[in-house]
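The C-terminal residue of the sequence shown carries number 519 in our numbering, and the numbering is unbroken.
Note that the Cβ used here is the ideal one computed from N, Cα and C, for glycine as well.
A quick note: this is a predicted structure, and the numbers were derived from the prediction, not measured.
Below is one structure, written out as structure tokens, with a few remarks after it.
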Amino acid sequence: MAWSGNRQRSQMDRRGGRMAEEEERKRVLVVGGSGYLGQHLLAALASACHGLDVAFTYNRESPPQPLLDALPSLHAFRADLRSGHGLDAISASFGEWMDSVLSQGQQVDFFNDEFRCPVYVKDMVDVIMSLAKTWLSDGKRIQVLLNVGGPNRVSRLQMAESVADVRGYSHSIIKSVSASSVNRGVASPSDISMDISKLIQMLGIKPISFHDGVKATLDAEAST
296 MAWSGNRQRS QMDRRGGRMA EEEERKRVLV VGGSGYLGQH LLAALASACH
346 GLDVAFTYNR ESPPQPLLDA LPSLHAFRAD LRSGHGLDAI SASFGEWMDS
396 VLSQGQQVDF FNDEFRCPVY VKDMVDVIMS LAKTWLSDGK RIQVLLNVGG
446 PNRVSRLQMA ESVADVRGYS HSIIKSVSAS SVNRGVASPS DISMDISKLI
496 QMLGIKPISF HDGVKATLDA EAST
């Protein structure tokens with residue numbers, strides 16, 4: 296999917312004494328606009344620009360596969376990089392998934408020793424929009440590495456407790472366990488929290504707290 300933003304400027308045509316409109320068009324390509332983040336980003340882009348082109352590339356028919364046709368003795372296997380074999384994909388946000396699990400009233404295990412910095416989806420959109428506008432308005436090439444995360448370092452256990460607080464669920468159904476108690480077949484980093492001070496300093500964007508992000512997400516879900 297692509298978003299086009301227009302920038303216009305007027306200049307004097309010396310030969311005719313008329314004002315000529317010179318239009319510059321820059322385009323932003325959004326790949327995967329039907330995903331969770333993509334949907335929010337497209338909504339923000341659509342409200343800020345002068346034009347929107349939507350490309351539906353999905354096709355029920357398999358595309359031509361000349362390489363596989365040329366090598367009939369080989370067999371291709373599809374790799375599921377989202378959830379892995381044997382695991383159900385979580386299509387909604389993690390907070391919404393936690394809400395659906397806790398709402399059943401049964402005890403659920405959550406890791407107390409894996410830490411992340413979850414970020415509210417609209418804060419992520421604000422960061423992308425800020426960088427895109429700098430490019431569109433100033434024509435500046437931006438080559439910078441930024442950590443984009445929330446301001447809070449929280450464990451999966453603390454995430455579940457925040458969801459329970461927002462929804463009014465009892466903490467008694469939240470069981471604290473160590474990640475080492477579950478054999479997931481592959482080791483997961485225990486702490487991938489991040490320093491976002493550079494993000495705040497450069498863009499002036501301060502992401503909201505995890506608790507406020509959970510509340511905003513679940514409130515939005517309830518209103519739809």
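Item to check | Contact between the region 495-506 and the region 405-419 (3+ Cβ pairs under 8 Å) | outcome: yes
Item to check | Check whether LEU513 and ASP421 have beta carbons under 8 Å apart | outcome: For the purposes of this step, residue 513 is taken as residue 218 along the sequence shown, with counting starting at 1. For the purposes of this step, residue 421 is taken as residue 126 along the sequence shown, with counting starting at 1. For LEU513 and ASP421, no; Cβs fall outside 8 Å.
Next on the checklist: On the DSSP letters alone, give me the boundaries of the alpha helix (DSSP H) that ASP433 sits inside.
Outcome noted: Looking up residue 433 in the sequence shown gives position 138. Where ASP433 is concerned, the enclosing alpha helix (DSSP H) stretches over 416-433.
Checklist entry - Does DSSP put SER485 in a helix, a strand or coil? => result Residue 485 sits at position 190 when you count from the first residue of the sequence shown. Coil at SER485, not helix or strand.
Checklist entry - With LEU441 and LYS501 assumed to form a contact (beta carbons below 8 Å), what rounded beta-carbon distance in angstroms separates them? => result Locating residue 441 in the sequence shown gives position 146, counting from the first residue. Locating residue 501 in the sequence shown gives position 206, counting from the first residue. About 13 Å separates the two Cβ atoms, so there is no contact after all.
Checklist entry - So what does DSSP say about SER518, is it helix, strand or coil? => result Here residue 518 refers to the residue found at position 223 of the sequence shown. Of the three classes helix, strand and coil, the one that applies to SER518 here is helix, per DSSP.
Item to check | Any 3 or more C-beta pairs closer than 8 Å across the region 361-371 and the region 437-454 | outcome: no
Item to check | Nearest residue (CA-CA) to SER329, options LEU426, ARG436, PHE351, LYS470 | outcome: Reading the sequence shown from its first residue, position 34 is the one you call residue 329. Ranking LEU426, ARG436, PHE351, LYS470 by Cα distance to SER329 puts PHE351 first.
Item to check | Identity of the residue in SER432, SER425, ALA474, VAL509 nearest VAL443 by Cα | outcome: Locating residue 443 in the sequence shown gives position 148, where the first residue counts as 1. Among SER432, SER425, ALA474, VAL509, the Cα nearest to that of VAL443 is on SER425.
Next on the checklist: Please identify the residue among VAL323, GLU456, GLY327, GLU409 whose C-alpha is closest to the C-alpha of ALA343.
Outcome noted: To locate residue 343, count along the sequence shown from 1; it is residue 48. With distances taken between Cα atoms, ALA343 lies closest to VAL323.
Checklist entry - For VAL396, which residues from the same chain have a beta carbon less than 6 Å from its beta carbon, with the 5 sequence-adjacent residues on both sides left out? => result Position 101 of the sequence shown, counted from the first residue, corresponds to residue 396. Hits under 6 Å: VAL403.
Next on the checklist: Between the alpha carbons of VAL349 and SER432, how many angstroms are there, rounded?
Outcome noted: By one-based count along the sequence shown, residue 349 stands at place 54. By one-based count along the sequence shown, residue 432 stands at place 137. Rounded to the nearest angstrom, the two C-alpha atoms are 23 Å apart.
Next on the checklist: What residue range does the beta strand (DSSP E) around GLY445 cover?
Outcome noted: If you number the sequence shown from 1, residue 445 lands on position 150. That residue, GLY445, is in no beta strand (DSSP E); it is neither H nor E in DSSP.
Checklist entry - Taking the Cβ atom as the reference point for each residue, do ILE469 and ALA455 lie within a distance shorter than 8 Å? => result Here residue 469 refers to the residue found at position 174 of the sequence shown. Here residue 455 refers to the residue found at position 160 of the sequence shown. Yes, the pair counts as a contact, with Cβ atoms nearer than the cut-off.
Next on the checklist: Less than 8 Å between C-beta atoms, sequence neighbours within five positions excluded: which residues of the same chain meet that for SER465?
Outcome noted: For the purposes of this step, residue 465 is taken as residue 170 along the sequence shown, with counting starting at 1. Correct list, in chain order: ALA459.
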